[in-house]
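Here's the structure, in structure tokens; my notes come after.
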Amino acid sequence: MYKRKVQVTGGGTYFVTLPKGWAEGTGVGHGVTVTLIPNEVGTLLLVPEGIRARNRCAIPMDDRDRVHLERDVIARYIAGYDVIEVVGKRIRPEQRRQVRQIAQSLVGVEILEETQEKVVLHSVVNVRDFPAQQSIHRIFDITLAMYNDALAAFLARDEELAQDVIERDGDVDRLVLLVARQFSLLLRDLLVEEEVGLSRFQFLHYHTVADQLERVADHGAKISQATLGLKAPLLESITERIQELAAHSREVLVQAVKAFEGRDTTLANQVLSEKEPRGRLLELAQIS
């Protein structure tokens, strides 16, 4: 930490000196332009030109299986790396195919280079092109459609519709990972606040909502998986109870998102007071 006393020139200009070690380490010298960004909490961020170099990382292919490799790539993607290199002495065609499939599961990731020794992934996403508000609304639209279709498929034992719901879960995952990446970038670089138009504190709420909506989408996929494994016909009493609980849950979800998007605290409190008692779910489980 460095401390400096503010000085004032005869003309009323305020100035402070920069630490020599920091200036030399970041390439700041005579004539170099720096950007000053005031923060809403009263701090001032100083950013030298060229400090925001693209981040690169390398992942050794070794004998990683598909699951291990996918976790590593996604972790780097969320961490905010722009270039991810998967490297090895000889990457087999099947392994390169796996890397391509992983890239397709991430928003804005393209194959920049592909050889026997490496596959280079490049994130071309500009955070300004995917506003958090727009991402949340899209996640909600997909999730609500999945929820409705999962219930319809379960009640009608429609396996084709159930399979379609399961496949759509990947669309939600892609958008949620994008929001997580944006949040990570914002935590690491305050300049991103200027680009997304949200503070880190504000974006935290969008990140939380995205995670919760993903859970709803996952439940829709699980309901659809249950549909595919359903053998015996449903009892009418259970069907009626499921429809009742589903309608209430759907309304709570819709109103909760509406309250968040509209910053409506009154509606948010109404939603919280209307949560279904856990006893109803337990009662349903006992009947079944």
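Take 1 as the starting number for the sequence shown in the numbering used here and just add one per residue.
Using N, Cα and C, we set each Cβ at its ideal position, and we do this for glycine too.
Since this is a predicted model, take the numbers as computed values, not measurements.
- Distance between Asp-62 and Glu-159, taken at the CA atoms: about 39 Å.
- Of all C-beta pairs linking the stretch 80–94 to the stretch 135–142, fewer than three are shorter than 8 Å, placing the two stretches out of contact.
- Under the three-state reduction of DSSP, Arg-100 is assigned to helix.
- Every alpha helix (DSSP H) stretch that sits fully inside the stretch 196–243 and reaches 4 residues is listed by chain position as 200–228.
- Annotation for Thr-35: the continuous beta strand (DSSP E) segment containing it runs 34–38.
- Per DSSP, the unbroken beta strand (DSSP E) holding Leu-44 starts and ends at 44–48.
- Per DSSP, the unbroken beta strand (DSSP E) holding Arg-56 starts and ends at 56–60.
- In this structure, Ala-132 places its C-beta atom within 8 Å of the C-beta atom of Phe-203.
- In the three-state DSSP reduction, Ser-105 falls in the coil class, being neither helix nor strand.
- Excluding its 5 nearest sequence neighbours in each direction, Val-165 has C-beta neighbours in its own chain below 7 Å: Met-146, Asp-149, Ala-150, Ala-153, Gly-220, Ala-221 and Ser-224, listed in chain order.
- In the three-state DSSP reduction, Val-120 falls in the strand class (E or B).
- Contact annotation: Val-87 and Val-99 have beta-carbon atoms that are not nearer than 8 Å.
- Ile-84 is bridged by DSSP to Cys-57 and Leu-121.
- Taking 8 Å as the cut-off, the beta carbon of Thr-143 is found closer than this to the beta carbon of Ala-217.
- Burial state of His-68 is exposed, judged by a 10 Å Cβ sphere holding fewer than 16 other Cβ atoms.
- Under DSSP, Val-8 takes part in a beta bridge, and its partners are Tyr-14.
- Restricting attention to Gln-101, Glu-49 and Glu-194, the CA atom closest to the CA of Arg-66 is found in Gln-101.
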